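So the sequence shown is numbered by my numbering: it starts at 48 and just counts up by one. A short write-up of the structure that comes next.
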Amino acid sequence: MNVFNILSVFVIAIMLVYLNNKNIKNKLEKEYKEKELKQLTEYTNVIENMSDDLRRFKHDYANIMQVLSSYIKANDIEGLKTFYKDELEPENEKIMNKNKSLYLIKNIKIHSLKGLLFSKIRTAALNNIDVRIEITDTVYKLSVNELDLCRIIGILFDNAIEAAALCNKKIIHLAIIKNNIYTYIIIDNTCLESTPPIYKIYEDDFSTKGKGRGLGLKTVRKIINEKYANVVLHTKIEKCIFTQKLIIKDLN
């Protein structure tokens with residue numbers, strides 16, 4: 048084989064590698080855009096649901112005023128107090144907590160993460176799960192690739208939803224707290240007393256969900272261990288509360 052042939056093979060090999068890498072990059076970009084579009088759609092659905100809630104509130108407001116009017120006209124103050132305590136107060140608290148949770152999400156400026164959380168909160172609501180949110184600071188950027196961050200949080204939130212949905216008290220608590228160079232993302236959820244111990248949950252091939260569905264936490268651990276020396280995940284189960292604490296060190 049002469050020099051020209053060797054060079055030709057070498058150039059062709061380089062071109063094939065380049066085209067393959069370009070195809071992989073295009074595929075990843077397409078998947079990322081599709082994911083962003085899905086999250087934007089979920090965000091839009093949440094806003095539409097809030098609008099529906101507002102319309103229902105206006106309708107309910109007229110009905111409530113009629114009920115209040117009937118108590119007042121009958122001078123039934125005790126009945127009015129009972130109606131307020133048993134009907135209006137719990138509903139008002141539910142509305143306030145829901146709106147507060149959605150309001151706090153505005154502190155997240157990472158659009159993909161914000162869209163993901165809106166989606167998960169909506170899914171939790173459809174499962175009658177009470178989601179409580181604490182975000183003390185504005186979150187602009189984290190030292191983790193956005194796609195990896197969304198994969199990790201998505202898996203942790205999905206697990207929280209699945210576990211909480213099985214409980215009588217269906218509660219998920221999400222906290223995002225910044226402390227100097229560290230950001231803490233904490234997801235607590237109620238769980239059954241029969242929840243397996245932590246060492247079992249992280250064993251290879253362990254699953255309570257059926258064949259082929261037990262790779263969530265294993266995937267999270269793999270992403271962190273292989274790519275992020277600045278990220279740590281702590282897991283704890285105590286008094287039927289399952290806690291996942293993701294600690295991200297800022298590298299910027």
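Glycine is no exception: its CB is placed at the ideal position from the N, C-alpha and C atoms. Source: prediction; values computed, not measured.
Query, Result
"Proximal residues to Leu239 (C-beta, below 6 angstroms), its chain only, five neighbours per side dropped", "Leu213"
"The segment 219-238 touching the segment 286-295, judged by at least three CB pairs closer than 8 angstroms", "yes"
"Buried/exposed call for Ala60, threshold 16 Cβ in 10 Å", "exposed"
"Buried or exposed by the 16-neighbour rule on C-beta atoms within 10 Å, applied to Gly259", "Reliability of the predicted coordinates at Gly259 is poor, the pLDDT of 40 falling under 50, and no value is obtained from them."
"Rounded straight-line distance, which links the Cα of Leu189 to that of Leu66", "31 angstroms"
"Gly263 versus Ile71 - alpha carbon distance", "24 angstroms"
"Delimiting residues of the beta strand (DSSP E) encompassing Ala222", "Ile218 to Asn226"
"Spatial distance of Ile119 from Gln113 (CA atoms)", "10 angstroms"
"As assigned by DSSP and simplified to three states, the class of Asp177", "strand"
"DSSP-derived helix/strand/coil call for Val191", "coil"
"Sequence-distant residues of the same chain with beta carbon closer than 7 angstroms to Ile16, five excluded per side", "In the structure as shown, the chain begins at 48 and stops at 299. Residue 16 is therefore absent and cannot be evaluated."
"Glu285 versus Thr170 - alpha carbon distance", "25 angstroms"
"First and last residue of the uninterrupted alpha helix (DSSP H) at Asn272", "Gly263 to Lys274"
"Under 7 angstroms between C-beta atoms of Asp297 and Ile228", "yes"
"Beta-carbon spacing of Lys217, Ala210 below 7 angstroms", "no"
"Nearest-angstrom Cα separation, counted from Leu203 out to Val279", "14 angstroms"
"Residue interval of the alpha helix (DSSP H) (run including Ile124)", "Ile124 to Phe130"
"CA nearest to the CA of Ile155, picked from Val186, Asn174, Ile180 and Gly126", "Val186"
"Proximity below 7 angstroms, CB of Ile219 to CB of Ile176", "yes"
"Neighbourhood of Ser161 by C-beta, 7 angstroms cutoff - its chain only, sequence neighbours within 5 removed", "The question names Ser, but residue 161 in the sequence shown is Lys. Cβ neighbours of Lys161 beyond the five flanking positions: Ile152 and Ile155."
"Cα-Cα separation, Gly261 to Asp205", "With a pLDDT of 46 at Gly261, under the threshold of 50, the modelled position of that residue is not reliable, and the figure given next carries that caveat. Each residue's Cα considered, the two are about 12 angstroms apart."
"Residues bridged to Lys292 [DSSP beta-bridge criterion]", "Ile233 and His281"
"DSSP bridge partner residues for Val186 (one or two, in chain order)", "Ile155"
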